[in-house]
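Colleague:
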Amino acid sequence: MTLFGYRLPAMSSLILWALVWEIIGRLDLTFFVPPLSEVLVTLTSVIGTAPFLKALSETAQAFGAGVAASVLIGIPVGILMGKNRLIDELLLPWVNMFLSAPLTALVPVLMVLFGFGMKSIIITTTLFAIWIIILNARAGVLQINRSLVEMARSYGANPFQAFYKIYFWAALPEILGGVRIGVIRAVKGVIIGQLLISIVGFGALFELYANNFLMAHFWAVLIVLFALAFSVSEILAYLERRVSYYAASR
Amino acid sequence: MVMPQIKEAVNVPDMPQSDNAVVARGISKTYGEVEALRDLSLEFPRGQLTSLLGPSGCGKTTLLKIIAGLLKPNSGEIEVNGKPVKGPGPDRAFVFQDFALMPWANVLRNVAFGLELRGVATSEREAIAEKYIAEVGLAGFEKSYPHQLSGGMRQRVGLARALSVDADVLLMDEPFSAVDEQTRRKFQEDLLNLVQHENKTFIFVTHSIEEAVYVSDQIAILLPRPSRVSEIIRPTDLRHKNVDNIRRDPEYLDIVDSIWASLRSYVE
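Top to bottom, those sequences are chains A and B. Just so we're aligned, residue 1 is where the first sequence starts under the UniProt record's numbering, counting upward by one. Just so we're aligned, residue 1 is where the second sequence starts under the UniProt record's numbering, counting upward by one.
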C-alpha cells in the first residue's frame, strides 16, 4: 500500500494499532489495559523466568503430542474414508458432528475420565485438531485423478503401496491445508484445556496473573501465544504453497 | 454368437500363421443397466499392433481395461500367453490417455515407477529408466517434472514407463488424443518403428480411422450398444511400404474410405 506517495512496509498498520493501545493505556481508563510499552517491558522480564519456561515447555509438549496424534491418526483415517465407502459411511457423521460440536463443553468430562493432568490436555488438543484433518485428507483423496490410481494398479501396486506412494502424495495439498487449520485449532485446544484444568502450563500462569491483577503480565503472555500461533500457521502455509504447484495438474 | 467376418484387405497366401499373445473369449460387461460389451471374442497376434476402432461409447476402452485386468468382465475370459487374466500383471503395461504421471515425481522416477513397485534396486531401475528415456527422445529431461513438459513429452514419459517394465503386451488407450496434430504424426511414425523393433504385442485404442489404418497390422472395428466386433481388417500390404508414402497410397485411402462407410451410420 502507498500513502502520500510513500510505499508502506508490510504490516505497518500494526504500528497504528500499537499507538492506539499505548494511548488508551496512558489515559488510565481501566486497569485492564496497561500501556503497550509497559507490557513489552514486562514481556522481556517474564520471558526468561522459570514459571514462564515451565509453562512454555508444558504447553509445547501437550501441543506437540496433540498435533502428532491428530496428524498420525487423522491423515490415515481420512485417506481410508476417501478410499472405502463403508468406512466413510460409518465415520463421516461422527466426524462432521465433532467438527462443529462445542468441544469446550467436553473438557470437564475428559477431566473426569482422564484426570487433571497432561493427558486430558493432550486429548483436548487432539479433539480440536483431528476432525478437520480427517475431512481434508478425505476430500483430497476423493478428487484424485482416477487414472493415477489405475496406473498404480496396472503396474502392480499392492493396496499398501497405493496408499503411501499414490493416495498420500496426490492428496498432499489438501492434507496440508487440513493440517494447517488443524494446528490453529490445536492452539485453541491446548489453551482452552489448560485454562479449564488450570493447574498446568499457561492456564496456571493466566490464573495466577488474573487473580493477582497483574495485567501487564497477562497481556505479555498473551502476545507471546498469539505470536507463536501465527508463526506456526505461517510456516505451514509456506509448506502448503510449496506443494500446491502440482495441485492443479493432477 | 455372430462370428466377425474377417476381410483380408490384400491376400498374402503364404503369410505365416502367427500365434496369439492375447485372446478374448466371449467377453460381456454391463454397467448396471447399460450393456457395454456383449459376447465379444477377438484374437491379438503376437508381435503385431491391433487397433480397436469405433465411435465413442462403443466400449473399446472398457475392453482394453478388461484385458489390463483393471475391470472384471461379467462373463468370458482373457488369456495372455495362454494364461487366464485374474488382474493386472507384469506381462502387460498400460499407456494412459491422460498420461497418468505422478506430478510430484520427476521424469526419472515416473519412468522407473513400474520397476519401483516391483522392488527393483534404485540404481538398477534408474539405469533402465534412463535407457528408455533416451529411447523415447527425452534425454536431458530426467530431472524435469511433468508440469514442466508439453503434452507430447508427457506421453513420451508414459510410453517410456510402459517400455521399461518390459511387458509382452502394451495396452494403449487413445495415447495420442491429448497431443497436438504434429506431435501426433511424429508419435505414429515412432510407434511403427517401435512395433518393428520391439518384439511386443500392441493393443491400441483409437477413434481416428486414419491413425488406425496408418499404424495397425490388424484393425478390429467395434460397433456400439452393445459392443461387438463387426469387422476385422488387415492392411497387411501397407506394412511393407515406405512409411513416408503411406498417406497417399491408394490402398490406404481405400481402406480409410471403406471403414468410414461402415461406421458412418453409427455416428449421431
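Note that beta-carbon positions come from the ideal geometry of N, C-alpha and C, so glycine has one too. Computed from a predicted model, the values in this text were never measured in an experiment.
1) What are the partner residues of PRO45(B), as DSSP defines its beta bridges?
2) Identify the continuous beta strand (DSSP E) that holds ARG228(B) and give its terminal residues.
3) Do we get a CB-CB distance below 8 angstroms when we pair LYS188(A) with the residues of chain B?
4) To which residues does DSSP link ARG7(A) through a beta bridge?
5) Is the Cβ of PHE96(B) closer than 8 angstroms to any Cβ of chain A?
6) Taking the beta carbon of VAL179(A) as the centre, do at least 16 other beta carbons fall within 10 Å, making it buried, or is it exposed?
7) Give the range of the alpha helix (DSSP H) segment to which LEU195(A) is assigned.
8) Could you pull the DSSP bridge partners for PHE204(B) from this structure?
9) So, with DSSP's three-state summary, where would you put ASP190(B)?
10) Please report the straight-line C-alpha distance between LEU27(A) and GLY64(A), rounded to a whole angstrom.
11) Take ASN106(B) and list the residues in its own chain whose beta-carbon comes closer than 8 angstroms to its own, dropping the five residues that flank it on each side.
12) TYR145(B) by DSSP, collapsed to three states: which one?
13) Could you say which of GLY48(A), VAL33(A), ILE73(A) and SER120(A) lies nearest to VAL200(A) if we only look at CA atoms?
14) Short of 8 angstroms in beta carbon distance, which residues of its chain neighbour GLU43(B), apart from the five on each side in sequence? Order them along the chain.
15) Using a Cβ cut-off of 8 angstroms (strictly closer), state whether LEU70(B) contacts chain A.
16) Could you tell me whether any Cβ in chain A is nearer than 8 angstroms to the Cβ of PRO16(B)?
17) Determine, using beta-carbon pairs with one atom in the stretch 159 to 175 of chain B and one in the stretch 82 to 102 of chain B, whether at least three such pairs fall under 8 angstroms.
18) For ARG153(A), which residues in chain B fall below 7 angstroms Cβ to Cβ?
19) Starting from GLN218(B), follow its DSSP beta bridges and name the residues at the other end.
20) Just verifying my parser: in three-state terms, what is the DSSP assignment at PHE128(A)?
21) Report the partner residues of PHE94(B) according to the DSSP bridge assignment.
22) Would a check of beta-carbon distances place ALA157(A) closer than 8 angstroms to chain B?
23) Comparing C-alpha positions only, which one of ALA220(A), ASN212(A), ILE197(A) and LEU225(A) sits nearest to GLY115(A)?
24) Compare the Cα-Cα distances from PRO55(B) to each of ARG248(B), LYS83(B) and SER227(B) and report the closest residue.
25) Candidates ASP244(B), LEU222(B) and ASN245(B): which alpha carbon is nearest LEU53(B)'s?
26) Please name the residue in PRO76(A), LEU103(A), ALA68(A) and PHE32(A) whose C-alpha comes closest to that of LEU135(A).
27) Using only the alpha-carbon positions, how far apart do PHE99(B) and LEU72(A) sit?
28) Could you tell me whether the stretch 137 to 152 of chain A touches the stretch 51 to 66 of chain A, using the rule of 3 or more Cβ pairs below 8 angstroms?
29) Rounded to a whole number of angstroms, what is the C-alpha to C-alpha distance between ALA170(A) and ALA129(A)?
30) Can you tell me whether TYR266(B) is helix, strand or coil according to DSSP?
31) Under a CB-based cut-off of 8 angstroms, is GLN161(A) close to chain B?
32) List the residues that DSSP assigns as beta-bridge partners of PRO51(A).
33) Is the distance from the Cβ of ARG154(B) to the Cβ of GLY114(B) below 8 angstroms?
Modeller: Per the coordinate set shown:
1) ASN20(B)
2) 228 to 234
3) no
4) THR2(A)
5) yes
6) Classification for VAL179(A): buried.
7) 172 to 197
8) DSSP, once it has assigned bridges, lists SER51(B) and MET172(B) as partnering PHE204(B).
9) helix
10) Here the alpha carbons of GLY64(A) and LEU27(A) stand approximately 41 angstroms from one another.
11) GLU142, LYS143, SER144 and TYR145
12) coil
13) The candidate whose alpha carbon is nearest that of VAL200(A) is SER120(A).
14) The residues are ASN20, VAL22, VAL23 and ALA24.
15) yes
16) For PRO16(B), the pLDDT reaches just 46, beneath the cut-off of 50, and the residue's location in the model is therefore unreliable, although a value from the coordinates is still provided. Not an interface residue.
17) Three or more Cβ pairs drawn from the stretch 159 to 175 of chain B and the stretch 82 to 102 of chain B lie within less than 8 angstroms of each other, which places the two stretches in contact.
18) LEU70 and PRO88
19) THR50(B)
20) helix
21) LEU171(B)
22) yes
23) ILE197(A)
24) SER227(B)
25) LEU222(B)
26) Ranking PRO76(A), LEU103(A), ALA68(A) and PHE32(A) by Cα distance to LEU135(A) puts PRO76(A) first.
27) Approximately 32 angstroms between the Cα atoms of the pair.
28) no
29) 22 angstroms
30) helix
31) True, the Cβ-Cβ gap to chain B drops below 8 angstroms.
32) In the DSSP output, where bridge partners are listed per residue, PRO51(A) has none listed.
33) no
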